[in-house]
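Notes to accompany the following structure.
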Amino acid sequence: MKLILLGAPGAGKGTVAKLLTKIDGSVQISTGDILRGAVTAGTDLGKEAKGYMDAGDLVPDELIMNIMGERLLEDDCKNGFLLDGFPRTIPQADALKELLVKLDITLDMAVNLDVPRDVIMDRLTTRRTCSNKDCQAIYNVKSMPSKVEGICDKCGSETIQRADETEEAIGNRLATYNEKTAPLVEYYLGEGLLLNVQATSSDVAVAEVTKQLNV
Ligand code: AP5
28 MKLILLGAPG AGKGTVAKLL TKIDGSVQIS TGDILRGAVT AGTDLGKEAK GYMDAGDLVP
88 DELIMNIMGE RLLEDDCKNG FLLDGFPRTI PQADALKELL VKLDITLDMA VNLDVPRDVI
148 MDRLTTRRTC SNKDCQAIYN VKSMPSKVEG ICDKCGSETI QRADETEEAI GNRLATYNEK
208 TAPLVEYYLG EGLLLNVQAT SSDVAVAEVT KQLNV
């Protein structure tokens, strides 16, 4: 499958993407994970991105398009991909459209995960993420705890709270989402690609996507 996953911070894009990868081997491409990996590795990209990310602001479009232009050329994308957290602005969506035409790739759908704001606030403050950059499993102390508190079930590394999970940064991420990313729902409706799903349950969201795609 070749999908875009849209949704506010905490809507469950990462969780749903990980479930979908198990169905047909499509690869999850999370710009947030790529950027956090660059910050941890201390690369030039990471140094440039860190300030924006910690404050809950978007990283400049040009940086993101450089990353994605290269990432979509990698071999593992041939089996399909789930774009998690990209595109995030209308200019990114326009640039992606051009890039896909150049690569002769057709998207199946843009799936919007729709979750009420109070649920989102609760999820983000209780999320824990595996600190191992090659794992990055997602947990939730309330709804999806690891078996041993603070330890990843999959790789045994420590689970941590992300740097952008302070209340102030979460508030800014939600405001940025409303201003810059929410208009993409209309954009993909206009492109005839939108599937809107109520995503208070990730399993229901996955079932709706697979039903639409017949997989
Ligand atoms: P990014 O990493 O993309 O963060 P985000 O969009 O804010 O999304 P999240 O990862 O917070 O949420 P999610 O929807 O994946 O939710 P999850 O599945 O974890 O971006 C981080 C930063 O990088 C940005 O702020 C920006 O600075 C930069 N950036 C990234 N991409 C960019 C771009 N394209 N352009 C510019 N800048 C960019 O779920 C959340 C929690 O809820 C978890 O604890 C999970 O266990 C729980 N949960 C999920 N589903 C359920 C459910 N059904 N029931 C109960 N609990 C659930």
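Just remember that my numbering sits 27 ahead of the position in the sequence shown, which is counted from 1.
Where is the CB? At the ideal position from N, CA and C, for every residue including glycine.
Closest Cα partner of residue i within the set the options
i, options, result
"Gln-119", "Pro-143, Thr-156 and Asp-88", "Asp-88"
"Glu-218", "Lys-129, Ala-234, Thr-133 and Val-231", "Thr-133"
"Ala-234", "Gly-78, Ile-50 and Met-92", "Ile-50"
"Lys-105", "Leu-127, Asp-121, Arg-115 and Cys-157", "Leu-127"
"Lys-45", "Ala-76, Asp-230, Lys-238 and Glu-75", "Asp-230"
"Met-92", "Glu-75, Thr-58 and Lys-238", "Thr-58"
Own chain, CB closer than 6 Å to residue i, minus 5 neighbours either side, in chain order
i, result
"Ala-35", "Ile-147 and Tyr-204"
"Ile-31", "Leu-110 and Ala-137"
"Ala-196", "Gly-83"
Residue i to residue j span [Cα, whole Å]
i, j, result
"Met-136", "Met-95", "18 Å"
"Ser-53", "Gly-198", "32 Å"
"Val-224", "Leu-85", "25 Å"
"Glu-185", "Met-171", "16 Å"
"Leu-123", "Ala-209", "17 Å"
"Glu-176", "Gly-183", "11 Å"
"Glu-101", "Thr-70", "20 Å"
"Ile-187", "Ile-178", "9 Å"
"Met-80", "Lys-207", "15 Å"
"Asp-131", "Lys-169", "43 Å"
"Gly-83", "Leu-240", "33 Å"
"Leu-140", "Lys-129", "28 Å"
"Tyr-215", "Val-43", "19 Å"
Nearest-angstrom Cβ-Cβ length linking residue i and residue j, presumed shorter than 8 Å
i, j, result
"Gly-107", "Met-28", "5 Å"
"Arg-150", "Ile-165", "Actually they are not in contact, since the Cβ atoms of Arg-150 and Ile-165 sit about 10 Å apart, beyond 8 Å."
"Leu-47", "Leu-109", "6 Å"
"Leu-222", "Val-236", "7 Å"
"Gly-37", "Ala-232", "The Cβ separation is near 14 Å, so there is no contact."
Cut-off 8 Å between Cβ atoms - residues of its own chain near residue i, not counting five sequence neighbours on either side
i, result
"Leu-72", "Leu-62, Ala-65, Leu-90 and Ile-94"
"Asp-103", "Val-54"
"Thr-67", "Gly-73 and Lys-160"
"Asn-309", "What the structure shows of the chain is the stretch from 28 to 242, and residue 309 is not part of that stretch, so it cannot be assessed."
"Arg-98", "Ile-56, Ile-61 and Cys-104"
"Lys-174", "Asp-180"
"Glu-192", "Leu-151, Thr-152 and Arg-154"
"Arg-144", "Ala-35 and Leu-201"
Sequence-distant residues of its chain with Cβ nearer than 7 Å to residue i (five each side left out)
i, result
"Thr-227", "Val-142 and Val-146"
"Asp-60", "Gln-163"
"Arg-189", "Thr-156"
"Thr-115", "Residue 115 is actually Arg in this sequence, not Thr. Same-chain partners within the cutoff: Leu-85, Lys-207 and Thr-208."
"Gly-41", "Ser-57, Asp-111 and Ile-165"
Any non-hydrogen atom of the ligand SAH within 7 Å of residue i CB
i, result
"Ser-228", "Absence of the ligand SAH from the depicted structure is noted, with the ligand AP5 being the only ligands included."
Item to check | Completely contained alpha helix (DSSP H) runs for the segment 87-159, where each covers 4 or more residues | outcome: List check, alpha helix (DSSP H) in window: 88-98, 117-130 and 144-153.
Item to check | 3-residue-minimum beta strand (DSSP E) runs that sit fully inside the segment 150-219, ordered along the chain | outcome: Runs found: 154-157 and 165-167.
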